[in-house]
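Asker: Can you keep this structure in mind? I'll have questions shortly.
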Amino acid sequence: MAPLKLAIVGAGPSSFYVASRLLSLLPRSGSHASSLKIHLYDRLWAPYGLVRYGVAPDHPEVKNCTHKFDEAATDPRLRFFGNVNVGPTSPLSHALPLSLEEFLPYYTHVLYSTGCTVPILHSALPPSQYCVPALSMVHWYTQHPSKPSPPPLERTSHVTLIGQGNVSLDVARMLLTPPDHLAKYDVPTPVLDVLRRSTVQHVSIVGRRGPLQAAFTTKELREMMNLPDSSMVPLDPALLAPPEGSTLTRQQSRTLQLLQKGSKNKPGTTKKTWSLDFFRSPTGLTTPTSPTDKARLTLAHTMLDPSSRVVPTGESSTLETDLVITSLGHRSEPSVPWYDPALGHLRTVSGRVISPDGRVVRNVYASGWAAMGARGVLASTMMDAYAVTDTILRDHFPGEDVQTTAGGAPVSAADEAAAMDAVEVLPKEVDLDAIPPQVEEGLKEGRVTDFEAWRKVNAEEIRRGEEMGKERERMGWEEAREFLAKVRTPVS
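Going by this note's numbering, the first residue of the sequence shown is number 1, and it counts up by one from there.
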């Protein structure tokens with residue numbers, strides 16, 4: 001049987017779900033075991049993608065999936081190469097560059113699981129010192145290797161979030177939760193220092209639709225309601241009345257109930273407050289002319305027409321604020337091979353990447369947000385990854401009884417037709433154990449990390465955290481590399 005040597009670009013949840021599924025379906029003792037190798041590449045030096053650099057620090061339970069990933073990493077058929085940028089130039093200068101020409105000849109199969117890493121900006125709100133994407137905030141409080149500047153919270157009293165999804169509520173919660181409450185979680189000390197100097201008193205969370213269309217979950221809303229030192233500004237009761245004759249989903253009913261009940265702390269009893277500003281859409285931001293002034297955010301008032309489209313009412317209002325944070329979703333990087341600008345991510349059919357001329361790219365796949373856009377939670381990411389795993393196995397073992405999630409479904413006539421006209425970019429035969437020489441050299445120099453290096457850093461972060469009474473104390477790349485150099489050095 002021809003080998004299946006799979007390179008996965010990206011080492012986030014979707015990547016690990018695919019890898020762990022392949023390893024379990026083709027066990028080491030099975031007939032196909034010797035023909036399987038999986039190499040994970042990531043331009044970040046640490047694995048786990050959004051689980052490490054996206055999940056809110058006060059949601060440690062969401063990170064439990066890493067236990068499954070750690071278990072998969074014990075299989076010698078799986079290797080990790082961190083701090084390697086595959087493809088065009090990386091925004092991370094310390095990442096080892098590896099062109100596609102240097103990368104593709106070593107693999108029979110490639111899976112893109114690169115996520116959606118580019119924030120969607122609002123046309124009326126260009127980035128400035130008064131307006132930043134939520135991704136910058138998330139990368140700041142998770143100590144992402146891109147190292148965005150900390151927000152000027154020591155001179156900020158009013159923050160406005162544009163967008164009413166879970167990320168907006170995560171950022172609002174981080175800004176309003178007392179730092180001493182956050183200190184037990186995976187919040188880096190420099191972040192806690194900034195939060196302790198914060199003068200934020202109010203957070204406005206703005207959305208162009210109403211409460212029934214809000215994208216946040218009831219879990220996230222309930223957490224906002226239970227903030228210890230903050231209270232929600234009451235909503236107009238008319239906003240919370242369901243449309244006559246409408247049938248609400250379970251989540252919509254729960255959302256209305258929570259909003260009607262209001263926050264645990266009653267209005268007027270707390271120093272800090274927050275508000276959900278429904279049916280508002282930004283049209284411009286006027287920056288202050290003096291250091292003591294605030295920026296002025298112009299908001300068009302909106303409504304839903306009979307077809308549920310957002311339309312302006314003709315009215316507008318102005319909101320004075322110190323900092324605007326936009327949270328409007330994400331798209332994939334346009335530099336990713338076979339990126340489809342119309343979709344904002346890779347075009348796929350059953351996980352197979354489709355070229356611009358509409359043909360399947362043989363043995364090249366995509367999973368997770370790289371394939372379906374920035375939507376869903378870890379559970380949906382897992383199910384998508386399992387489905388893509390099924391496709392990889394059906395393509396590689398046509399007609400064989402290889403157990404998959406779909407029960408070993410046969411290759412369809414459509415699959416066979418697509419395969420006959422496929423774009424060829426990968427070799428059919430490779431050295432199973434070889435890796436690009438640049439990566440081999442990077443491992444020797446300590447510029448490229450592997451699972452062994454990550455395990456050492458992980459254990460040290462947890463050890464430092466235990467000394468400080470918290471989940472872990474994170475390292476940045478420079479500190480991690482210095483630490484690894486010390487532990488690699490033999491004791492004289």
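Note that beta-carbon positions come from the ideal geometry of N, C-alpha and C, so glycine has one too.
For clarity, every value in this text was computed on a predicted model and none was experimentally measured.
1. What residue ranges within the stretch 199-277 form continuous beta strand (DSSP E) runs of no fewer than 3 residues, ordered along the chain?
2. If we count the other Cβ atoms within 10 Å of its Cβ and call it buried at 16 or more, is Thr177 buried or exposed?
3. Comparing C-alpha positions only, which one of Asp357, Gly368, Ser335 sits nearest to Gly351?
4. Name the residue from Val311, Gly442, Ser168, Pro188 whose alpha carbon lies nearest to the alpha carbon of Val84.
5. Alpha carbon to alpha carbon, how far is Ala432 from Lys5?
6. When the Cα atoms are used, what is the spatial distance from Arg472 to Arg463?
7. Helix or strand or just coil, what does DSSP make of Phe103?
8. Compare the beta carbon distance of Val423 and Val361 with 8 Å and say whether it is the shorter of the two.
9. What distance in whole Å lies between the Cβ atoms of Tyr185 and Ala366, which are believed to be in contact at a cut-off of 8 Å?
10. Please return the same chain residues whose Cβ sits closer than 8 Å to the Cβ of Gly469, not counting the five positions on each side in sequence.
11. Since Leu125 contacts Cys131 with CB under 8 Å, what's their CB separation in whole angstroms?
12. With DSSP as the reference, please indicate the residues paired to Ser493 in a beta bridge.
13. Mind the definition here: the stretch 186-193 touches the stretch 219-230 only if three or more C-beta pairs lie below 8 Å; say whether that holds.
14. Counting C-beta neighbours from all protein chains within 10 Å, is the total for Asn363 16 or more, i.e. buried, or is it exposed?
15. Would the beta-carbon of Ser204 fall within 8 Å of that of Thr160?
16. Quick one: is His396 buried, meaning 16 or more other Cβ sit within 10 Å of its Cβ, or exposed?
17. Roughly how many angstroms lie between the CA atoms of Thr199 and Trp338, to the nearest whole one?
18. Are the CB atoms of Arg309 and Val206 within a distance shorter than 8 Å?
19. Just to confirm the assignment, what range does the alpha helix (DSSP H) spanning Asn83 have?
20. Locate the beta strand (DSSP E) running through Arg21, then write down its first and last residues.
21. Taking the C-alpha atoms as reference points, what is the distance between Arg52 and Asp70?
22. I need the boundaries of the alpha helix (DSSP H) containing Tyr141, first residue and last residue.
23. Suppose the cutoff is 7 Å on Cβ atoms and the five residues either side in sequence are ignored; what does the same chain contact list for Lys264 look like?
24. What are the boundary residues of the alpha helix (DSSP H) that Thr292 is part of?
25. Measuring CA to CA, which of Ala459, Glu220, Gln213 is closest to Met303?
26. With DSSP collapsed to three states, give me the class of Leu182.
27. Taking the alpha-carbon positions, what's the Lys456 to Ala73 distance?
28. Just the Cα atoms here: how many angstroms apart are Asp236 and Met372?
29. I want to check one thing, is the minimum distance from the CB of Glu429 to the heavy atoms of the ligand MN below 7 Å?
30. Rounded to whole angstroms, what's the CA-CA distance from Arg481 to Lys261? Just pull it up for me.
Answerer: By the coordinates alone:
1. 202-206, 230-232, 272-277
2. buried
3. Gly368
4. Gly442
5. The identity of residue 432 in the sequence shown is Leu, whereas the question assumes Ala. Those two C-alpha atoms are separated by around 6 Å.
6. 7 Å
7. helix
8. yes
9. In fact, because the Cβ distance is near 33 Å, the residues do not count as touching under 8 Å.
10. Ala183, Lys184
11. 5 Å
12. Residue 493 lies beyond the residue range present for the chain, which begins at 1 and ends at 492; the question has no answer from this structure.
13. no
14. buried
15. yes
16. buried
17. 46 Å
18. no
19. First-last for Asn83: undefined, no H or E at that position.
20. Segment 13-25 is the alpha helix (DSSP H) holding Arg21; no beta strand (DSSP E) there.
21. 13 Å
22. 134-141
23. Met225, Asn226
24. No alpha helix (DSSP H) holds Thr292; DSSP gives it neither H nor E.
25. Gln213
26. helix
27. 14 Å
28. 37 Å
29. Absence of the ligand MN from the depicted structure is noted, as is the absence of any ligand whatsoever, leaving it without description.
30. 50 Å
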